[in-house]
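Worksheet for the structure shown next.
In my numbering, the protein residues as written are 2 to 603.
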């Protein structure tokens, strides 16, 4: 899209975004109010300033869904906006892969103007750079709210065994920052290198996510000999293309080539794969790129070329979509543009002509070609027969089940496939699922989670159990709001985390013992009402009773409560073990090592 077209469409896109935000506020109002801790007036309405906070949080929720690719429950969990949030509105990470921990940080700004003409303030960039430094530096001290503090410590524990790659999403209902902001990002690049990348997402970007463009018909020049076979009405074409020809194909089609089914996870995020591709392209090893890279997989409705020509053919592809190799295409185009070079290098090309309506085959090919990469596979499993049966079974109980992601918020009593997968894995399969991403849940763990006999009662009850555990876990958080993290509590906090990771499975077993004769197979839709009633009556008490036993046995020096942070008005005036609120370390007591320097991010 040209600059002129961008400007022409900004106003409309901004108005559409405003409508979407209002719809989200209405659909998720109760959850967002509870999340932000907002207090309605006696009339039931919120104060004007709280309505503003609610709108901003709704926008953050939308960005987490659309730009990060999270479902409703993960998007809500990622939000940490509020007091002492270190200029971070949402933060999410996926399990480390290949010694790399992918972290996404979201900062959102809603301007009063809704015409899209306001610029993003570059001053936020400085604050975020300081916050990122705090997160990545295990010795840095900070003041954070409880939810963010817990997430930072979980991230730090991962970073002891993996390297961070941080994607910073700065989202607004207007334009990006100006040159001053670019200069600040350049300074951040000098500090963090390839580990941290900034990007702006505004009304136009959100519009493109929600409105993928129509079919792309393009041409690709192949080099050398090729293999072409026909299988009934389907065709397969295999060959190689020069990197410059791949870049040309992407230039002509823009990101439209990546839209079908897989736009959430192909070619958009910086990661170790991208860095390695770029490094190869810039080195003397570029001549071996063909052997290092897995190649591109393209599906289309029709393949046309002159079959009498046996090599160096120009292929026309109707309704073409790139379903594997998006990262390769993006990086190739970027590096060739930056360097201005046309290397003598090639990449493997696989083209499949399939039926226009054969979505099942598209899904299967996409899954097969992407399953060895860190991608979200929930949508790819959506048409599995077990998912269809589960949807019907859940519907029979009066609930909804969303098998495939959508930008629309979940309705009341509607659950996403990802939330069901995590809950079932943790409650009924006995495996902690808190940070498992979709590549695990719908890849290597899929058959373990979604067994042939899974039913609606098991899925819905698992979610209700996990939500109850999560609510109690939040109330029992080790880090009190507005307190600085203290190293004395790190080990205890980790043990508390493990306790709550296992609490769902323990409670599930209690329910099975009391309602279903101890057998998960007996928990079907006919037993759901009894099991749900038992959970409502006894669930809180069972979890809290176990937690009291845990605290007595596992707290530091066998007394967990002695080491819990106290509120400012309850803390002794001289506390040698805690840093002051302003961040200057006091003299350490004899049982604590000298405290590292405190970093206060305001």
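Positions of the beta carbon are idealized from the N, C-alpha and C atoms, including for glycine.
Nearest residue (CA-CA) to residue i, options the options
i, options, result
"residue 296", "286, 350, 331 and 315", "350"
"residue 243", "542, 315 and 301", "315"
"residue 535", "514, 293, 205 and 551", "514"
"residue 627", "298, 280 and 321", "No statement about residue 627 is possible, as the shown extent of the chain runs from 2 to 603 and does not include it."
"residue 110", "158, 39, 419 and 53", "53"
"residue 422", "449, 414, 130 and 107", "449"
"residue 132", "117, 91, 201 and 37", "91"
"residue 306", "352, 289, 277 and 323", "352"
"residue 328", "278, 22, 236 and 50", "278"
"residue 1", "431, 162 and 81", "No answer is possible for residue 1: the residues shown for the chain start at 2 and end at 603."
"residue 205", "150, 189 and 177", "177"
"residue 161", "174, 136 and 172", "136"
"residue 29", "412, 94 and 503", "412"
"residue 639", "50, 151, 70 and 59", "Residue 639 cannot be examined here, being either before or after the span of the chain that is shown, 2 to 603."
"residue 459", "505, 501, 301 and 441", "505"
"residue 510", "498, 499, 524 and 497", "524"
"residue 98", "547, 71, 519 and 159", "159"
"residue 320", "239, 303, 309 and 69", "303"
"residue 382", "395, 419 and 232", "419"
"residue 540", "507, 157 and 149", "507"
"residue 83", "228, 58, 282 and 153", "58"
"residue 172", "20, 60, 391 and 95", "60"
"residue 391", "344, 426, 445 and 453", "453"
"residue 31", "149, 431 and 410", "410"
"residue 19", "330, 291, 203 and 343", "203"
Extent of the continuous beta strand (DSSP E) to which residue i belongs
i, result
"residue 415", "415-417"
"residue 243", "235-243"
"residue 412", "No beta strand (DSSP E) holds residue 412; DSSP gives it neither H nor E."
"residue 403", "401-403"
"residue 303", "303-305"
"residue 74", "Note, residue 74: premise wrong, no beta strand (DSSP E); alpha helix (DSSP H) at 73-79."
"residue 103", "101-110"
"residue 164", "164-173"
"residue 134", "No beta strand (DSSP E) holds residue 134; the alpha helix (DSSP H) holding it covers 124-137."
"residue 231", "224-232"
"residue 201", "197-202"
"residue 347", "347-354"
"residue 546", "No beta strand (DSSP E) holds residue 546; the alpha helix (DSSP H) holding it covers 529-555."
"residue 91", "91-94"
Boundaries (first-last residue) of the alpha helix (DSSP H) holding residue i
i, result
"residue 334", "327-340"
"residue 193", "180-193"
"residue 154", "147-160"
"residue 317", "Not the alpha helix (DSSP H): residue 317 falls in the beta strand (DSSP E), residues 315-319."
"residue 390", "386-397"
"residue 464", "457-476"
"residue 61", "49-67"
"residue 293", "290-293"
"residue 521", "Unbroken run through residue 521: none, as it is neither H nor E."
Sub-7 Å separation of residue i and residue j beta-carbons
i, j, result
"residue 521", "residue 457", "no"
"residue 387", "residue 451", "yes"
"residue 222", "residue 246", "yes"
"residue 225", "residue 311", "no"
"residue 417", "residue 73", "yes"
"residue 537", "residue 512", "no"
"residue 400", "residue 470", "no"
"residue 112", "residue 174", "yes"
"residue 333", "residue 237", "no"
"residue 220", "residue 354", "no"
"residue 130", "residue 189", "yes"
"residue 239", "residue 228", "yes"
"residue 474", "residue 555", "no"
"residue 88", "residue 128", "yes"
"residue 502", "residue 433", "yes"
Supposed close pair residue i, residue j - CB separation, criterion 8 Å
i, j, result
"residue 464", "residue 424", "5 Å"
"residue 64", "residue 107", "6 Å"
"residue 346", "residue 428", "Contact flag wrong, Cβ pair sits at about 50 Å."
"residue 299", "residue 322", "7 Å"
"residue 199", "residue 207", "No, residue 199 and residue 207 are not in contact; Cβ-Cβ is about 17 Å, not under 8 Å."
"residue 415", "residue 403", "6 Å"
"residue 39", "residue 55", "7 Å"
"residue 348", "residue 241", "7 Å"
heavy atom of the ligand SAM below 6 Å from residue i C-beta
i, result
"residue 330", "The ligand SAM is absent from the structure shown, which contains no ligands of any kind."
Would you call the stretch 34-47 in contact with the stretch 136-146, where contact means no fewer than 3 C-beta pairs closer than 8 Å?
no
So, does the stretch 88-107 touch the stretch 149-168, judging by three or more C-beta pairs under 8 Å?
yes
Three or more C-beta pairs closer than 8 Å, one from the stretch 109-124 and one from the stretch 169-186: is that the case here?
yes
Per the contact definition of three or more C-beta pairs closer than 8 Å, is the stretch 111-118 in contact with the stretch 11-20?
yes
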